[in-house]
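Right, one structure below, let's go through it.
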Amino acid sequence: MNKKVIIIGVVILILGGVVLYFASQKTTPTTNQSTNQNVVPAQKLSTGNNQTQSAAPALDFFAGGSIFGSSFEVKISGAHITYRETTQGGAKEANKIERSLLPVELDGIRKTISDAGLINLQSQDFTKEPLVPDQASYRITVSLDGKENKINCGIPPSGTEPTTKCQKQIDKLRLKLNSILGVNIY
Numbered sequence: 248m249n250k251k252v253i254i255i256g257v258v259i260l261i262l263g264g265v266v267l268y269f270a271s272q273k274t275t276p277t278t279n280q281s282t283n284q285n286v287v288p289a290q291k292l293s294t295g296n297n298q299t300q301s302a303a304p305a306l307d308f309f310a311g312g313s314i315f316g317s318s319f320e321v322k323i324s325g326a327h328i329t330y331r332e333t334t335q336g337g338a339k340e341a342n343k344i345e346r347s348l349l350p351v352e353l354d355g356i357r358k359t360i361s362d363a364g365l366i367n368l369q370s371q372d373f374t375k376e377p378l379v380p381d382q383a384s385y386r387i388t389v390s391l392d393g394k395e396n397k398i399n400c401g402i403p404p405s406g407t408e409p410t411t412k413c414q415k416q417i418d419k420l421r422l423k424l425n426s427i428l429g430v431n432i433y
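One rule links them: number in this note's numbering = place in the sequence shown (from 1) + 247.
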């Protein structure tokens, strides 16, 4: 009798182990697959012509510098965006947003960076076009497809249109960020 109880116990233990083994094998790929589905859109983006890009853009965007006006900072890393607005020359935080970007938003930013040619855009030549006293400026570091560029140029005075190529191209990015964040970087 004792031998039968021991044999039945061993068989139950073995069957339980086999069931647990197959159950863990069945759930592991599903977990990995669902995790990958959440990561893939942020890392692989469609460029609209059935090609896939492997790296999300990185951006450090600053607009401001006037002692009387607001300053705006936007940072994008992977699929995460942070926006910070300060007033009175940076003395007081007025607005802060931190969130994940939707794949369509990230794709739109990538397209804007590419279409505006920001990876190859030259900074304003301040020896030829110096900033006027208390003129705000753009300072941007952008990375896309393994390339990085740093751009500096003056922001057109309030109420005027961009005049330099640098201002015009950065204005496209500024408008895109305004649209995605629902803010008014000026």
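We put the beta carbon where it would ideally sit given N, CA and C, even for glycine.
Counterpart residues of residue i in DSSP-defined beta bridges
i: Phe315; result: In DSSP, Phe315 forms no bridge with anything.
i: Asn342; result: Glu332
i: Arg386; result: Phe309 and Asn399
i: Ile253; result: Beta-bridge pairing links Ile253 to no other residue.
i: Leu391; result: Lys394
Among the options, the one whose alpha carbon lies nearest that of residue i
i: Leu209; options: Ile360, Glu376, Gln371 and Ile253; result: Nothing about residue 209 can be read from this structure; the chain reaches only from 248 to 433.
i: Glu340; options: Val430, Phe319, Ser347 and Ile356; result: Phe319
i: Asn342; options: Gly429, Asn399, Ile398 and Gln382; result: Gly429
i: Ser313; options: Val321, Ser370 and Ala338; result: Ala338
i: Ala302; options: Lys412, Val389 and Leu378; result: Val389
i: Arg386; options: Ile259, Ile254, Asn249 and Ala310; result: Ala310
i: Ser405; options: Asn249, Leu420, Gln371 and Val379; result: Val379
i: Ala383; options: Ile402, Gln371, Lys412 and Ile253; result: Ile402
i: Gln371; options: Lys412, Glu345 and Ile344; result: Lys412
i: Arg421; options: Leu306, Ile259, Ile261 and Ile254; result: Leu306
Cβ shell of residue i (< 8 Å), same chain only, five flanking positions each side left out
i: Asn431; result: Asn425
i: Gln416; result: Ala363, Gly364, Leu365 and Leu368
i: Asp381; result: Ser313, Ile314 and Phe315
i: Ile261; result: none
Continuous beta strand (DSSP E) stretch holding residue i: start and end
i: Ser370; result: Ser370 -> no beta strand (DSSP E), and no H or E assigned at all.
6 Å CB neighbourhood of residue i in its chain, flanking five on each side removed
i: Tyr433; result: none
i: Asp418; result: Pro409
i: Ile427; result: Glu352
i: Phe308; result: Val321 and Ile387
i: Lys394; result: Ile366
i: Asn279; result: Unreliable placement is indicated for Asn279, whose pLDDT of 37 sits below 50; no coordinate value is reported for it.
N- and C-terminal bounds of the alpha helix (DSSP H) containing residue i
i: Asn425; result: Lys412 to Leu428
i: Lys394; result: Segment Lys394 to Gly401 is the beta strand (DSSP E) holding Lys394; no alpha helix (DSSP H) there.
i: Ser361; result: Pro350 to Asp362
Close beta carbons around residue i, own chain, < 7 Å, minus the five adjacent residues each side
i: Lys423; result: Gly355, Ile356 and Thr359
i: Thr334; result: Ser317 and Ala341
i: Ala326; result: Ala289, Ala303, Ser347, Leu348 and Leu353
i: Asn249; result: none
i: Glu345; result: Thr329
i: Asn285; result: In this predicted model, Asn285 has a pLDDT of only 31, less than 50, meaning its place in the structure is not dependable enough to derive any value.
Under 8 Å, with one C-beta from each stretch per pair, do the region 324 to 332 and the region 384 to 401 reach the 3-pair mark? The region 324 to 332 is not in contact with the region 384 to 401.
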